[in-house]
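Numbering (my numbering), first residue to last: 3 to 84.
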């Protein structure tokens, strides 16, 4: 087994695991609000990205920041992939 193959396989599996909440949200699986909330709020609220990007990309409400644009989703996905 090649090291490059193993690392690519591990990257794909980890990226699917870390990005599972939005994938399941698209399929309308029940009881997904809390995992999706943590998936979106951990990178953007703890690092301050939501405040720096502004209201056009993130809507900050009582339950945290909800992404409003494609750029916001790309920032969150790139955080989990890194």
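Heads up, the beta-carbon is just placed ideally off N, CA and C, and yes, glycines get one too.
Taking the Cβ atoms as the reference, residue 53 lies roughly 12 Å from residue 61, outside the contact range of under 8 Å.
Between residue 45 and residue 78, the CB-CB gap stays under 7 Å. Per DSSP, the continuous beta strand (DSSP E) segment holding residue 68 begins and ends at 66-69. It is roughly 14 Å from the alpha-carbon of residue 26 to the alpha-carbon of residue 17.
Taking all protein chains in view, the Cβ of residue 41 is crowded by 16 or more other Cβ atoms within 10 Å, so the residue is classified as buried.
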